[in-house]
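J.: The working numbering applies: residue 0 is where the sequence shown begins, and numbers increase by one. Where a beta carbon is used, it is the ideal one built from N, C-alpha and C, also for glycine. Before I ask anything, let me first share the structure, which is written out below as structure tokens.
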Amino acid sequence: MPPNRLAAFHTAPLSELLAVILRQLRRPLTAYGFDLTESMAAEIAASISSRQPHDQMPPLREALVHLVAESLAVLDQWGLTFPSALDTPIDAIPGWTTTAEFLALAEAKSNAELRIALGAILLYTLGDHRHAEIVQWLADRANDPAADFDSILARRILTSD
Numbered sequence: 000m001p002p003n004r005l006a007a008f009h010t011a012p013l014s015e016l017l018a019v020i021l022r023q024l025r026r027p028l029t030a031y032g033f034d035l036t037e038s039m040a041a042e043i044a045a046s047i048s049s050r051q052p053h054d055q056m057p058p059l060r061e062a063l064v065h066l067v068a069e070s071l072a073v074l075d076q077w078g079l080t081f082p083s084a085l086d087t088p089i090d091a092i093p094g095w096t097t098t099a100e101f102l103a104l105a106e107a108k109s110n111a112e113l114r115i116a117l118g119a120i121l122l123y124t125l126g127d128h129r130h131a132e133i134v135q136w137l138a139d140r141a142n143d144p145a146a147d148f149d150s151i152l153a154r155r156i157l158t159s160d
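This is the structure:
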């Protein structure tokens, strides 16, 4: 039986997992004026994990709010919510006729889904619960055999709250 590739996420230090998702969002956060360095990602993640303040948390929160809102708007243009987007195959979304258009649509949908999931989780850890229903929805999927990193992290965040 192959090893469970997600098993480590159940036990890895939360600060390390948070640093990973902060680094994953580095480029989109820059678009909202939040420039994140490697060391800052580790510092903020450690502060979140230990429930200590960090002077970069307020601007990070502001950038995340905009990032999630923009990503939700991307899905909304196709009449999708976050949960429905994850269950909608890309070829079911209209608006493409060429392979290039299909690939651009797939990239936009995938980026929006990822940014919403990670952004909602980070906002929750920063004390901003405006997208708590997304975090809960992700956490509810953590026991699903098809669960992913986002669901496992959401479950860990909610159970450590």
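Leucine 24 to glutamate 100, Cα distance in whole Å?
T.: Working through the sequence shown from its first residue, we reach residue 24 at position 25. Working through the sequence shown from its first residue, we reach residue 100 at position 101. Cα to Cα, the separation comes out at about 24 Å.
J.: When you compare only the Cα positions, how much space is there between isoleucine 156 and threonine 124?
T.: As a position in the sequence shown, residue 156 is number 157, starting the count at 1. As a position in the sequence shown, residue 124 is number 125, starting the count at 1. Cα to Cα, isoleucine 156 sits roughly 7 Å from threonine 124.
J.: For a test of the three-state rule: what should DSSP assign to serine 150, helix, strand or coil?
T.: Sequence index remark: in the sequence shown, residue 150 carries index 151 (1-based). DSSP places serine 150 in helix when its eight states are reduced to three.
J.: By a C-beta neighbour count over all protein chains shown, 10 Å radius and 16 as the cutoff for buried, is methionine 0 buried or exposed?
T.: Translated into the one-based positions of the sequence shown, residue 0 becomes position 1. With a pLDDT of 38 at methionine 0, under the threshold of 50, the modelled position of that residue is not reliable, and no figure is offered here.
J.: For arginine 140, collect the residues of the same chain with a Cβ closer than 7 Å to its Cβ; drop the 5 residues on either side in sequence, then sort them by chain order.
T.: Locating residue 140 in the sequence shown gives position 141, counting from the first residue. These residues qualify, in order along the chain: Ala146, Ser150.
J.: Distance check for aspartate 54 and serine 46, CA to CA, integer angstroms please.
T.: Translated into positions along the sequence shown, residue 46 becomes position 47. Translated into positions along the sequence shown, residue 54 becomes position 55. Cα to Cα, serine 46 sits roughly 10 Å from aspartate 54.
J.: Of all the options Pro88, Ala68, Gln51, Pro82, which has the alpha carbon lying nearest to the alpha carbon of glutamate 106?
T.: Residue 106 sits at position 107 when you count from the first residue of the sequence shown. It is Pro88.
J.: Taking the beta carbon of alanine 91 as the centre, do at least 16 other beta carbons fall within 10 Å, making it buried, or is it exposed?
T.: As a working note, residue 91 is residue 92 in the sequence shown. Counting Cβ neighbours within 10 Å, alanine 91 comes out exposed, since fewer than 16 surround it.
J.: Whose CA, out of Ala40, Leu35, Tyr31, Leu28, lies closest to the CA of proline 13?
T.: The residue given as residue 13 occupies position 14 in the sequence shown. The question names proline, yet the displayed sequence has leucine at residue 13. Out of Ala40, Leu35, Tyr31, Leu28, Ala40 has the C-alpha closest to the C-alpha of leucine 13.
J.: Just reading off the alpha helix (DSSP H) that proline 82 is part of, what are its end residues?
T.: Here residue 82 is taken as the residue at index 83 of the sequence shown, counted from 1. Per DSSP, proline 82 belongs to the alpha helix (DSSP H) from 81-85.
J.: Can you give me the C-alpha to C-alpha distance between glutamate 112 and aspartate 75, rounded to a whole angstrom?
T.: In the sequence shown, the residue the question calls residue 112 occupies position 113. In the sequence shown, the residue the question calls residue 75 occupies position 76. Spanning the two alpha carbons is a distance of roughly 12 Å.
J.: Cα-Cα, which of Phe81, Thr98, Leu104 is closest to leucine 137?
T.: On the sequence shown, position 138 is the one that residue 137 refers to. Of the candidates Phe81, Thr98, Leu104, the one whose C-alpha sits nearest the C-alpha of leucine 137 is Phe81.
J.: Leaving out five residues on either side along the sequence, give the residues of the same chain with a beta carbon under 7 Å from the beta carbon of alanine 131.
T.: Here residue 131 is taken as the residue at index 132 of the sequence shown, counted from 1. Closer than 7 Å at the Cβ level, and outside the excluded window around alanine 131, lie Tyr123.
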